[in-house]
Amino acid sequence: MSGTFFLTTVSRASKVLGCAPPLRASDMKPEIALVVFSLVIPTYNESQNIRPLIRQLTSALENVIDNYEIIVVDDDSPDGTWKIAEELARQNSHLRIMRRRGEKGLATAVVLGWKEANGEILGVMDGDLQHPPEILPTLLKLMLSTHADIVVASRNVAGGGVSEWSLRRRLVSWGAACLTTLMLPGILRIVRDPMSGYFVIRRSVIPFGDLRPVGYKILLEVMARGKYDTIVEVPYVFEERKHGASKLGPKQQWEFLRHLGRLGWETGQIGRFFRFCAVGGSGVVVNVATLSLLTEIGGLYYLYSSIVAVETAIMSNFVLNEYWTFQDRSNQRPGLRDRLRRLAKFNLLCAVGAIVNVTVLWVLTDLAGVYYVASNLVGLGAATLWNYGLNANITWERAITRNVVTGEDKDGSRWRRICKRWPK
Ligand SMILES: Nc1nc2c(ncn2[C@@H]2O[C@H](COP(=O)(O)OP(=O)(O)O)[C@@H](O)[C@H]2O)c(=O)[nH]1
Ligand SMILES: [Mg+2]
Numbered sequence: 124m125s126g127t128f129f130l131t132t133v134s135r136a137s138k139v140l141g142c143a144p145p146l147r148a149s150d151m152k153p154e155i156a157l158v159v160f161s162l163v164i165p166t167y168n169e170s171q172n173i174r175p176l177i178r179q180l181t182s183a184l185e186n187v188i189d190n191y192e193i194i195v196v197d198d199d200s201p202d203g204t205w206k207i208a209e210e211l212a213r214q215n216s217h218l219r220i221m222r223r224r225g226e227k228g229l230a231t232a233v234v235l236g237w238k239e240a241n242g243e244i245l246g247v248m249d250g251d252l253q254h255p256p257e258i259l260p261t262l263l264k265l266m267l268s269t270h271a272d273i274v275v276a277s278r279n280v281a282g283g284g285v286s287e288w289s290l291r292r293r294l295v296s297w298g299a300a301c302l303t304t305l306m307l308p309g310i311l312r313i314v315r316d317p318m319s320g321y322f323v324i325r326r327s328v329i330p331f332g333d334l335r336p337v338g339y340k341i342l343l344e345v346m347a348r349g350k351y352d353t354i355v356e357v358p359y360v361f362e363e364r365k366h367g368a369s370k371l372g373p374k375q376q377w378e379f380l381r382h383l384g385r386l387g388w389e390t391g392q393i394g395r396f397f398r399f400c401a402v403g404g405s406g407v408v409v410n411v412a413t414l415s416l417l418t419e420i421g422g423l424y425y426l427y428s429s430i431v432a433v434e435t436a437i438m439s440n441f442v443l444n445e446y447w448t449f450q451d452r453s454n455q456r457p458g459l460r461d462r463l464r465r466l467a468k469f470n471l472l473c474a475v476g477a478i479v480n481v482t483v484l485w486v487l488t489d490l491a492g493v494y495y496v497a498s499n500l501v502g503l504g505a506a507t508l509w510n511y512g513l514n515a516n517i518t519w520e521r522a523i524t525r526n527v528v529t530g531e532d533k534d535g536s537r538w539r540r541i542c543k544r545w546p547k
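Residues in the sequence shown are numbered from 124 upward in steps of one, following this note's numbering.
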């Protein structure tokens, strides 16, 4: 590394940290002295947004950091976004443009930009001004001051949100979050906004060889496959688009489902779901066997036998789930008290699951006129998803330590960050 490069990174790092006395190279930890930041902006038809975005970004970063680069990865936009960006790059030495031809896709554009980047800290944000550039310095400062691996700009922590979303859009977003937590249980415990497209990350987190994203949700890919143990979330409000149009359509939504399916499969979570279903199937056998044994041989009134049979099946399901389906999670908290607590939660959630089953059966049969056997199958499916989704996220939740900190920026605006750390 050249001497000049070293000096500029040191002075930039001292600004990032916001320390009062200037830092000398000897004061710096090597980790901080080497930091360089690369921000990737994927663009497609953002000709009206790219100029104000680069202007706002440059002014947000100029007093904070010297040694940074902004890499615009444009997929040969028909509206000439790349041409405008190239013009800007002639006057702005921080700006680099990559014009990709013959391939499209947000997440793959981001990975391409990161591969070409020089920074030890990598970032991504949208090119349409929906992500406020002014919070970028906060993301960087927090990464250094908390030693976080990932700092996410989040819509779902206190102080964050979306500006003017319709009920339909909110419902779609909520549905996507539910599906995500079914396919990747525990992810919402680690980060409240795993769909965020605005975050910074240490290069060491990303397993470049293993990243195979499809579609939009690059953070999901990084979180499912990366190596990290501390994440910080900073609230922000997702602004409305002023120019151009969203590229999120049915194709991207389908890609999201494909992406989730692939991540669920490759991280073993779909296998876990199948184990849960197999245990549920074994519970039916235990239930029927207990019912007939108690009624036929024990001579018990069949309704009393049925109550014992249901509870016996729940207990046997619990033991199998505890020692097989969720063994990795129960090993994190193996004490007797924790096991009993999980048993109580499992019992309660399964009881509500039975109510879900009966309600769906009743609604479909009585109100929609569906044949009751078919309604019952749908009810069983709904109860299985309920039981799995809630038990995987609550009963056998991932053990992490959470640290919620509330702070105040220099300008008086309040922000809240959540640091989470969990055993490696
Ligand atoms: N390079 C590249 N950028 C894309 C592509 N699709 C979307 N983008 C960019 O990704 C960012 C977010 O896309 P947008 O359509 O606004 O998504 P939304 O905010 O979820 O509606 C914007 O900067 C887009 O220009 C693509 O196929 N290739
Ligand atoms: Mg957008």
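Note that CB positions come from ideal geometry on N, CA and C, so glycine has one too.
These numbers come from a predicted model, not from an experiment.
Through-space distance from residue j to residue i, alpha-carbon basis
i	j	result
L130	W297	A caution first: L130 carries a pLDDT of 27, below 50, which makes its placement in the model too unreliable to give a value.
D150	L267	Note that D150 scores a pLDDT of 41, beneath 50, so its modelled location is shaky and nothing firm can be said.
Y424	T413	13 Å
N444	G421	29 Å
D189	L259	14 Å
L307	E287	29 Å
R147	R452	In this predicted model, R147 has a pLDDT of only 37, less than 50, meaning its place in the structure is not dependable; the value taken from the coordinates is given anyway. Near 46 Å, if we compare the C-alpha coordinates of R452 and R147.
P358	L252	16 Å
D198	V481	51 Å
Y167	L383	24 Å
T435	L513	21 Å
G394	W377	22 Å
I220	T353	31 Å
A183	P256	7 Å
P145	E239	Here the model assigns P145 a pLDDT of 34, short of 50, so the residue's position is not dependable, and the following value carries that caveat. So the alpha carbons of these two residues sit roughly 32 Å apart.
R456	L463	11 Å
R224	M346	28 Å
V314	V402	29 Å
I155	G228	Residue confidence for I155 is low, a pLDDT of 41 falling below 50, so the modelled location carries little weight; the figure read from the coordinates is stated next. Taking the straight line joining both Cα atoms gives about 33 Å.
T488	V496	9 Å
S369	G458	50 Å
L371	L503	33 Å
E389	L311	19 Å
Within 7 Å, strictly: CB atoms of residue i and residue j
i	j	result
L162	I193	yes
F469	F441	yes
V475	V501	no
G549	R521	Nothing about residue 549 can be read from this structure; the chain reaches only from 124 to 547.
F160	G250	no
Q375	Y339	yes
L265	V411	no
V323	K350	no
T524	R465	no
H366	Q179	no
V285	F361	yes
V479	A506	yes
A230	P336	yes
Y494	F396	no
I164	L211	no
S439	V408	no
S277	G283	yes
P317	L343	yes
V234	L334	yes
S405	T418	no
L245	R326	yes
Ligand 1 heavy atom lying under 6 Å from the CB of residue i
i	result
G228	yes
A240	no
K374	no
D199	no
E434	no
L371	yes
V479	no
E192	no
P175	no
Y167	yes
A232	yes
Per DSSP, the bridge partner or partners of residue i
i	result
S161	E192 and L245
T166	D197
M221	V196
P581	Because the chain is modelled from 124 through 547, residue 581 falls outside the range shown and cannot be assessed.
R462	Answer is none; R462 lacks a bridge partner.
G284	V360
V323	G246 and V274
CB-CB length for residue i against residue j, believed under 8 Å
i	j	result
I437	C473	6 Å
V196	A232	4 Å
W205	R222	4 Å
L262	V187	L262 to V187, Cβ: 11 Å. No contact.
Cutoff 7 Å: residue i Cβ touching any chain C Cβ
i	result
I244	Given the protein chain composition of this structure (a single chain), no chain C is represented.
Residue i beta carbon near ligand 2 (any heavy atom closer than 6 Å)
i	result
Q253	yes
G316	This sequence places Asp at residue 316; Gly is not what is there. D316: no, Cβ never under 6 Å from ligand 2.
D249	yes
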